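Numbering (the UniProt record's numbering), first residue to last: 1 to 79.
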């Protein structure tokens, strides 16, 4: 685990951020707070480097994450 405590309360504001995982999978997060939680929980690549997101929705995201729940919603499939 990257952080000792990853629990936060995020506001329900849509201001999307994109995160690209080491395997190339992209996910759009509803806002920076939700992105920060994901990075806290799963934010290291195989080299031990911290993953970094970018502002804006992913162009061809596979999953979207919203603060209302902890579920990921499949929005499109990569070909």
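Think of the CB as a built atom: it goes at the ideal place given N, C-alpha and C, for glycine as much as any other residue. As the structure is a computational prediction, the values presented were derived from the model and not from experiment.
Burial state of residue i (16 or more Cβ within 10 Å)
i	result
residue 44	exposed
residue 41	exposed
residue 39	buried
residue 59	exposed
residue 25	exposed
Residue i - DSSP class collapsed to helix/strand/coil
i	result
residue 10	coil
residue 47	coil
Alpha helix (DSSP H) segment containing residue i, residue limits
i	result
residue 33	32-42
Range of the contiguous beta strand (DSSP E) that encloses residue i
i	result
residue 17	17-20
residue 25	Premise fails: residue 25 is in no beta strand (DSSP E) and is neither H nor E.
Inter-residue CB distance, residue i and residue j (contact presumed, cutoff 8 Å)
i	j	result
residue 31	residue 10	6 Å
residue 35	residue 53	5 Å
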